[in-house]
Ligand code: SAM
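Numbering (my numbering), first residue to last: 4 to 459.
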């Protein structure tokens, strides 16, 4: 029987990957994706708990969905309403109490059990809760990748290689919602990479909460680090670009750094969250690196790959952050230079150590600091984009643009580039001449000749 599935995904790329895998799990049950909850037989909210008000947003969305569900029931139809991801994990029973009309609540490590959970919902006509961290990895039970990819479409795909976190940064909920660090065996990752290539993928982004603490079993019976894994992924015929995120600075080992100098397919762009430029704040955050250690990692990377560029995450207003601490963050930003970044006001997350500290920074101070930081980061991003004008850059064309005849792709540095080109260029790497730089994107032009359609 054909059924429609609507998934709304919040948060990080790992959630995007998980949502795609949920579609894979549900496909054999007859579910195919649709674009609106009104059309759906099953709705899944795949939630994120990283910052404030996440749970409240989910409850208000659930209220809206409950009305749709009731309308359907009024018409003699059914709709399974499910909440997945980190809010589901953190709220668990509380969610069934506050929103008893929800049929399924399951955490990020339990979605391989969806068929069984759906069967239990249909049989029991009650809610099902599954927020265990199973000892056996869900990956052992997932079917092979089938569905098209969300987010970056077509030629580019995400592949989760590592899950969970053992770092316990004082601000972060991830160790509590995603569980302990787990690395998938290399053989499984290589099989999945080949499968993605068969589906038309040319660029793979290896994902993990701390992807560079990857230590999976290698094919020769010894553990591999991320550097070694990337070398093997690069050998898969058809893979032209490799990325990885998100990394933890203290886990940037020599093998991984040298991989940047030696593997052509490894893109010269790295997302390496530093959070703060103050050693005092980094220590209070329970980060296992200082500001100078971060600077040294960047220097080592630049030594092996001179065209490497960085992006980062920053938190301003962590408890106890003084003006001097914030100035140290600004100093680091100006010294290192980032071509893109995510910056946030510290938001106390219930159950994390920093939430109960009594030296919380006042909201107005946080707002002011964030404004100053973002002004500098935006300036750096625009300057980098402008430095690309007048160059021919390799662009993997991966989706149609909003305007007819336009295609969008990404440079090695993840900048979106808009060009005019025929649709059959989708999925190829071309080298447009960059003519325009904006805050968040570039525009270029392509001489459509066989020479310029250089599939690198
Ligand atoms: N692996 C990365 C690292 O180096 O720690 C962490 C990725 S974390 C899942 C995503 C980002 O969300 C963090 O880098 C941090 O900047 C931000 N974040 C996490 N918890 C936060 C909080 N309580 N308040 C504000 N931002 C937070």
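Positions of the beta carbon are idealized from the N, C-alpha and C atoms, including for glycine.
* Asked: Helix or strand or just coil, what does DSSP make of residue 161?
  -> strand
* For the segment 21-29 and the segment 55-68, state whether three or more C-beta atom pairs, one from each stretch, are separated by less than 8 angstroms. => Taking one beta carbon from each stretch, the segment 21-29 and the segment 55-68 have fewer than 3 pairs nearer than 8 angstroms; the two do not touch.
* Asked: Taking the alpha-carbon positions, what's the residue 45 to residue 148 distance?
  -> Near 20 angstroms, if we compare the C-alpha coordinates of residue 148 and residue 45.
* Asked: Is any heavy atom in ligand 2 found nearer than 7 angstroms to the beta carbon of residue 27?
  -> Among the ligands modelled here, namely ligand 1, ligand 2 does not occur.
* Taking 7 angstroms as the cut-off, is the CB of residue 310 close to at least one heavy atom of ligand 1? -> no
* Determine the direct distance from the alpha carbon of residue 388 to that of residue 348, and round the result to whole angstroms. => 26 angstroms
* Please go through the same chain and pick out, in chain order, the residues whose beta-carbon is closer than 7 angstroms to the beta-carbon of residue 255, but skip the five residues on each side of it. => 215 and 300
* Asked: If you compare alpha carbons, which of 5, 343, 51 and 223 is closest to residue 377?
  -> 343
* As assigned by DSSP and simplified to three states, the class of residue 50 -> Three-state DSSP puts residue 50 in a strand.
* To do: Indicate whether the contact test is met: 3 or more Cβ pairs, each with one atom in the segment 66-78 and one in the segment 192-204, closer than 8 angstroms.
  => By the criterion of at least three beta-carbon pairs nearer than 8 angstroms, the segment 66-78 is not in contact with the segment 192-204.
* Under 7 angstroms from any heavy atom of ligand 1, does the C-beta of residue 213 make it? -> yes
* **Check whether residue 163 and residue 221 have beta carbons under 8 angstroms apart** => No, the Cβ-Cβ distance between residue 163 and residue 221 is not below 8 angstroms.
* **Where the alpha helix (DSSP H) through residue 201 begins and ends** => 189-201
* Quick one: what's got a C-beta closer than 6 angstroms to residue 363's C-beta in the same chain, skipping five residues either side? -> 322
* Does at least one heavy atom of ligand 1 sit under 7 angstroms from the Cβ of residue 261? -> Set against 7 angstroms, the gap from the CB of residue 261 to the closest heavy atom of ligand 1 is not smaller.
* For residue 186, three-class secondary structure by DSSP -> strand
* To do: Determine the closest residue to residue 251 out of 48, 167, 408 and 111, with distance taken between C-alpha atoms.
  => 167
* Do the segment 269-287 and the segment 323-337 touch if we need at least three Cβ pairs shorter than 8 angstroms? -> yes
* Could you give the uninterrupted runs of the beta strand (DSSP E) lying entirely in the segment 217-279, keeping only those of 3 residues or more? -> 244-248 and 272-274
* Asked: residue 492 by DSSP, collapsed to three states: which one?
  -> Outside the shown range of the chain, which is 4 to 459, sits residue 492, and nothing can be said about it.
* Within the present structure, is the beta-carbon of residue 53 separated from the nearest heavy atom of ligand 1 by less than 7 angstroms? -> yes
* Classification of residue 88 by the beta-carbon crowding that lies within 10 angstroms, buried from 16 upward -> buried
* Per-residue DSSP class, three states only, for residue 108 -> DSSP, reduced to helix, strand and coil, places residue 108 within a strand of the structure shown.
* Simplified DSSP assignment, three categories, for residue 345 -> It is a strand residue.
* Whole-angstrom distance between residue 390 and residue 86, CA atom to CA atom -> Each residue's alpha carbon lies about 44 angstroms from the other.
* **From 407, 426, 436 and 123, residue whose alpha carbon lies closest to that of residue 420** => 436
* Asked: In the DSSP assignment, what are the bridge partners of residue 44?
  -> DSSP, once it has assigned bridges, lists no residue as partnering residue 44.
* Whose CA, out of 231, 217 and 159, lies closest to the CA of residue 201? -> 159
* Let me know the secondary structure DSSP gives residue 376 once reduced to three states. => helix
* So, using beta-carbon positions, are residue 336 and residue 379 closer together than 8 angstroms? -> yes
* **Three-state secondary structure assigned by DSSP to residue 147** => coil
* Determine contact between the segment 226-242 and the segment 176-185, defined as no fewer than three beta-carbon pairs at a distance below 8 angstroms. => no
* **Nearest-angstrom Cα separation, counted from residue 80 out to residue 399** => 44 angstroms
* **Any non-hydrogen atom of ligand 1 within 7 angstroms of residue 164 CB** => no
* To do: Using beta-carbon positions only, say whether residue 475 and residue 261 come within less than 8 angstroms of one another.
  => This structure leaves residue 475 out entirely; the chain is present only between 4 and 459.
* CA-CA distance, residue 338 and residue 161? -> 31 angstroms
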